[in-house]
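Engineer: Numbered per my numbering, the sequence shown spans residues 172 to 529.
Glycine included, each C-beta is placed from N, C-alpha and C at the ideal position.
Just so you know, these numbers come straight off a predicted model, no measurement behind them.
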Amino acid sequence: MKIAIVTGGGDCPGLNAVIRAVAKTAAKRGWETLGIIGGYDGLLEPQHFRVLDYQALDGLLVRGGTILGTANRGQFSAKTGHGETRQLPAELLEATKAGMEKLGVSAIVSVGGDGSLTIAQQLHEHGIPIVGVPKTIDNDLAATTTTFGFDSAVACATDALDRLHTTAESHNRVMVLEVMGRYAGWIAIYAGVAGGADVILIPEIPFHYESICRAITDREKHGKHFTLIIAAEGAHPAGCDFVTAGGQQANREARLGGIGQVVATEIEKRTGKETRTMVLGHLQRGGSPTYTDRVLCTLFGAKAVELITEGRFGRMVAHNGKFVDSVPLAEATGRLRTVPLDEGFVHATRGLGISLGD
Ligand code: F6P
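Rendered as structure tokens:
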């Protein structure tokens with residue numbers, strides 16, 4: 172038996188660890204694994220793939236990025252604008268099926284976020300045996316309590332906050348750190364709590380400048396002449412839209428970015444405090460996965476092969492908070508898991524006196 176693995180969407184730490192786990196578990200069953208190069212496009216003519224034998228897996232557990240390459244644009248884009256879903260043309264789905272048959276592949280493991288798994292669901296509806304593995308630093312996939320890559324991104328953002336803390340304190344400045352996360356504030360709120368931010372701005376809670384400035388002046392009254400703010404790229408003032416970077420391209424999801432500078436400029440204007448911005452950007456997506464992500468990736472990869480063995484296609488590997496399980500792909504796509512406002516994390520954050528800008 173031969174299976175194939177595809178990595179799609181933005182890269183993130185742990186993709187290679189999943190590739191390794193899938194290929195190793197498959198090899199134990201006597202199966203061959205093909206790695207499709209450059210996302211789903213590699214299944215189309217001229218096909219682009221490599222055999223993932225034991226030699227090909229050397230060092231993959233700790234290696235960042237994906238040895239298979241990935242794409243979050245092009246003909247296989249299922250998300251456009253602000254997360255709207257696009258149905259792939261039937262000819263493209265058919266060509267993918269034909270490509271798979273030509274390679275003699277019986278099943279596909281699709282490793283991706285909302286966009287890639289939406290494509291996986293469409294391929295499944297088209298009769299392709301496929302299972303999904305939830306990847307994204309944003310941690311915004313419904314039906315799994317966690318995605319791999321998130322822990323590594325939070326570790327990176329926390330380290331950045333720790334570093335900004337000492338320089339902010341030395342200069343009596345306000346520092347605004349902008350982090351990724353798309354329409355969910357998971358990275359911002361986790362790193363904000365872990366890194367001792369004074370203000371955390373997330374898309375789920377539209378903010379007011381008066382509230383942020385009040386937090387800064389309150390700190391001044393207590394002799395704290397610096398303030399650390401972490402802003403998710405999707406954070407926005409009440410009544411205003413998301414801030415985007417660059418123009419909107421056809422068949423592409425909007426690129427968020429720039430809210431950190433907008434917030435910094437307004438704070439400086441209103442409080443007179445010297446304010447600096449730092450955009451963490453793709454540093455959050457690069458480098459080695461944390462040990463938590465390495466374990467998660469390994470369990471996720473093994474589970475994906477188990478699903479194939481059992482013929483349970485159209486499903487996504489998922490963590491249910493206790494153990495690794497699976498859910499129908501349809502449950503995992505089409506709706507985002509944002510930070511719930513009525514649960515412990517947000518309450519605890521407020522309880523600590525951290526401002527959420529509202
Ligand atoms: O979905 C992952 C993510 O890193 C988002 O947090 C971010 O908005 C986006 O991808 C950035 O995409 P690109 O690499 O195309 O700039």
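For Q246, which option in R506, L263, T315 and F494 has the closest C-alpha, if you only look at C-alpha atoms?
Structural biologist: L263
Engineer: Note down, in chain order, each residue of its chain lying with its Cβ closer than 6 Å to the Cβ of G356, except the 5 sequence neighbours on either side.
Structural biologist: I373, P374, E375, A403 and V510
Engineer: Can the beta-carbon of V189 be found closer than 8 Å to that of S281?
Structural biologist: No, they are not a contact pair.
Engineer: Closest to Q293 by C-alpha separation, out of R334, I438, A249 and T196, would be which residue?
Structural biologist: A249
Engineer: Distance, Cα to Cα, G230 vs N187?
Structural biologist: 9 Å
Engineer: Roughly how many angstroms lie between the CA atoms of H518 and V450, to the nearest whole one?
Structural biologist: Computed Cα separation, rounded: 27 Å.
Engineer: Taking 8 Å as the threshold, find out whether the region 251-266 comes into contact with the region 447-463 through three or more Cβ pairs.
Structural biologist: no
Engineer: Considering only their Cβ atoms, is the gap separating D212 from A192 smaller than 8 Å?
Structural biologist: no
Engineer: Can you tell which of A489, R508, I371 and L500 has the C-alpha that lies nearest to the C-alpha of C468?
Structural biologist: Per the Cα distances, A489.
Engineer: With a Cβ-Cβ cutoff of 8 Å, do I299 and K268 count as a contact?
Structural biologist: Result yes, Cβ atoms of I299 and K268 sit closer than 8 Å.
Engineer: Which residues in the same chain have their Cβ closer than 6 Å to the Cβ of D496, if we skip the five residues on either side of it in sequence?
Structural biologist: A489
Engineer: In the DSSP assignment, the alpha helix (DSSP H) including S341 goes from what residue to what residue?
Structural biologist: F321 to H342
Engineer: When you measure from the CB of D309 to every non-hydrogen atom of the ligand F6P, does any distance come out below 7 Å?
Structural biologist: yes
Engineer: Are the CB atoms of A501 and A313 within a distance shorter than 8 Å?
Structural biologist: Result no, Cβ atoms of A313 and A501 do not sit closer than 8 Å.
Engineer: Of all the beta strand (DSSP E) runs that stay within the bounds of the region 260-322, which reach a length of 3 or more residues?
Structural biologist: Here the runs fully enclosed are 278-283 and 301-305.
Engineer: CA-CA distance, K273 and M487?
Structural biologist: For K273 and M487, the distance between alpha carbons rounds to 25 Å.
Engineer: Applying the criterion that 16 or more other CB atoms from any shown protein chain within 10 Å of the CB defines a buried residue, is S341 buried or exposed?
Structural biologist: exposed
Engineer: Could you check whether the Cβ of L454 sits closer than 7 Å to any heavy atom belonging to the ligand F6P?
Structural biologist: no
Engineer: For the ligand F6P, is there a heavy atom less than 7 Å away from the beta-carbon of V404?
Structural biologist: The sequence as given places Glu at residue 404; Val does not occur at that position. For the ligand F6P, at least one heavy atom lies less than 7 Å from the Cβ of E404.
Engineer: My output table needs one value for R506: the three-state DSSP class, helix, strand or coil.
Structural biologist: For R506, the secondary structure class from DSSP, reduced to helix, strand or coil, is coil.
Engineer: When DSSP builds the beta bridges, which residues end up paired with H490?
Structural biologist: Per DSSP, V495.
Engineer: By how many angstroms is the C-alpha of I371 removed from the C-alpha of V345?
Structural biologist: The alpha-carbon atoms of V345 and I371 are separated by roughly 13 Å.
Engineer: In three-state terms, what does DSSP make of S526?
Structural biologist: DSSP places S526 in strand when its eight states are reduced to three.
Engineer: Taking the straight line between their C-alpha atoms, what separation do you get for G210 and G179?
Structural biologist: Using only the alpha carbons, I get a separation of about 5 Å.
Engineer: Could you tell me which of L232, I360, G275 and D285 sits nearest to G515, measuring between CA atoms?
Structural biologist: Of the candidates L232, I360, G275 and D285, the one whose C-alpha sits nearest the C-alpha of G515 is I360.
Engineer: Going straight from the alpha carbon of A435 to that of V347, what length do you get?
Structural biologist: Using only the alpha carbons, I get a separation of about 6 Å.
Engineer: Distance check for G417 and A406, CA to CA, integer angstroms please.
Structural biologist: 17 Å
Engineer: In angstroms with no decimal places, state the Cα-to-Cα distance between T256 and G505.
Structural biologist: 7 Å
Engineer: So what does DSSP say about F516, is it helix, strand or coil?
Structural biologist: helix
Engineer: Please go through the same chain and pick out, in chain order, the residues whose beta-carbon is closer than 7 Å to the beta-carbon of A362, but skip the five residues on each side of it.
Structural biologist: V325, A328, T329, L332, V350 and I401
Engineer: State the start and end residues of the unbroken alpha helix (DSSP H) segment that holds K474.
Structural biologist: Element bounds for K474: Y462 to T480.
Engineer: Leaving aside the five residues before and after H396 along the sequence, list all residues of the same chain whose C-beta is less than 6 Å from its C-beta, in chain order.
Structural biologist: N343
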